[in-house]
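Numbering (our numbering), first residue to last: 9 to 536.
Where a beta carbon is used, it is the ideal one built from N, C-alpha and C, also for glycine.
Computed from a prediction, not measured in an experiment: that's the story for all the values here.
This report refers to the structure that appears directly beneath it.
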Ligand code: KIV
Ligand code: ZN
């Protein structure tokens, strides 16, 4: 296969993906995600929008120092301040990319930018040229490309290439295009822009009509050689094209799409898990990485699978890193076997501290649960990866009285800012009583947007993974926790989301954080 068929994978999980409600990631989560992405073989990682917040800047700067193979990239609007911030954040990396963009559709130019087409042309000249002062790896995007006049688009692209852009990205910003139209756009650009051979053409498709992957693949078949996508398809509104779907479609239907990516597909499942732990759960029937993606329930399918796997399986679970759930270890298994197991499950890079914490939890679980499966172990490690030292709130104990007749009641002990506090509350069900205790012990005013329970494995003794999403003044955080006791997992997931919100307040609005901390201290003194 020649190089002309190599498709570059540009991941924007930590930039466009993070723009989706509930998907904001902490600094530590971004570091962990970047390490996995680097190992996964992603060519370019759009790490963030450095001018957007000090948090974004800090993450881009830190990740630029740790990536071994992937090229870090920062996003900038057409302003010198944005481009300077990108450079400052990225400059420690041996190679880096600056991605700069401006809208080119009549609608956006008039109503969003209040600029004429001539002013947009001037801006391209000025800002692509400026970005090139810092690196020869400049990407330029025409935002709302699919609603842009095609002749105007050709003109802007020719100019951006003349000013030094090496990658030209065509975004379907609002997910409006369909494959036949998108194909025509890419073909027209390749035929009409005279200097197009000096740049790589890229596609960036949103999923508002559920066509992001189809449009991206059509773009590649028409000649694009970079795809912008996200793990689990997260992103603005309905999301971006899903990285795992694009990569596996190319791999599985290589007869029709003879392209090659640099992705080690066996790490897709791991990448999906690490992203969903930091953001939100993946739907069960999600292609490639959903819990049911390789499950066969119907008897007729199971029968076919036993006779020949190809009857109902177009790719193997192993090819995306999904191991068949296997009975693995019991309470007599030691630390060494546990560590080996983690390495086999793709967690070769977790620190000894995390292994120690996870191993402690494994021993407790092994006392409670007869069979421990791979998924149980993964849930334990994921839970242990949640950083506990920065937590303001920690669960010390929980007792819940549930059942018919009496109102459900929870007794809880929490550590809040280092102080031990106790409360008892009744509620409309045990979860309500549990959450009311948390609210009493740490008064707060957030909206609970999502409460979701998943069983990690089968059986009534299965661990539950609980996800909770909360919102405060437009900011959202997601908390997750696992335990064989669903209510303990629920309390920990809610507390995890609150701890993340407290960290977020501290970073994004330190004054607000200080005020809330003061209010909390005052309430404490009044004995509330
Ligand atoms: O969707 C979009 O247009 C974008 C650009 C910034 C590339 O995300
Ligand atoms: Zn986008």
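For residue i, three-class secondary structure by DSSP
i	result
residue 85	strand
residue 138	helix
residue 90	helix
residue 344	helix
residue 286	helix
residue 215	coil
residue 497	helix
residue 116	helix
residue 267	coil
residue 471	coil
residue 205	helix
residue 513	helix
residue 442	helix
residue 398	coil
residue 223	helix
residue 23	coil
residue 110	strand
residue 277	helix
residue 403	strand
residue 491	strand
residue 339	coil
residue 302	coil
Any non-hydrogen atom of ligand 2 closer than 7 Å to residue i Cβ
i	result
residue 244	yes
residue 248	yes
residue 179	yes
residue 116	no
residue 214	yes
Separation of residue j from residue i, as counted between CA atoms
i	j	result
residue 161	residue 324	42 Å
residue 72	residue 406	42 Å
residue 88	residue 116	21 Å
residue 500	residue 489	6 Å
residue 327	residue 410	44 Å
residue 387	residue 508	19 Å
residue 451	residue 495	20 Å
residue 278	residue 362	17 Å
residue 424	residue 351	36 Å
residue 228	residue 219	14 Å
residue 241	residue 18	13 Å
residue 232	residue 299	32 Å
residue 136	residue 32	29 Å
residue 166	residue 132	11 Å
residue 56	residue 29	16 Å
residue 364	residue 389	10 Å
residue 503	residue 422	10 Å
residue 68	residue 367	33 Å
residue 378	residue 20	41 Å
residue 157	residue 169	18 Å
residue 118	residue 90	22 Å
residue 398	residue 289	24 Å
residue 443	residue 432	11 Å
residue 15	residue 224	11 Å
residue 108	residue 460	38 Å
Proximity test, residue i beta-carbon vs ligand 1 heavy atom, cut-off 7 Å
i	result
residue 83	yes
residue 86	no
residue 149	yes
residue 24	yes
residue 442	no
residue 109	yes
residue 156	no
residue 316	no
residue 58	no
residue 344	no
residue 481	no
residue 135	no
C-beta neighbour in chain D for residue i, strict 8 Å
i	result
residue 214	Of the protein chains in the structure, only one exists, and it is not chain D.
For the structure I just gave you, are there three or more beta carbon pairs, one from the region 203–223 and one from the region 243–250, closer than 8 Å?
yes
For the region 54–71 against the region 275–293, are there 3 or more C-beta pairs whose distance is under 8 Å?
no
Does the region 41–60 come into contact with the region 262–278, if we say contact requires no fewer than three beta-carbon pairs (one atom in each stretch) closer than 8 Å?
yes
I'd like to know if the region 65–82 and the region 148–159 are in contact, where contact means that at least 3 CB-CB pairs between them fall below 8 Å.
Flag = no, the region 65–82 and the region 148–159 do not touch.
Under 8 Å, with one C-beta from each stretch per pair, do the region 203–212 and the region 168–179 reach the 3-pair mark?
With a cut-off of 8 Å on Cβ pairs, the region 203–212 is in contact with the region 168–179, counting three or more such pairs.
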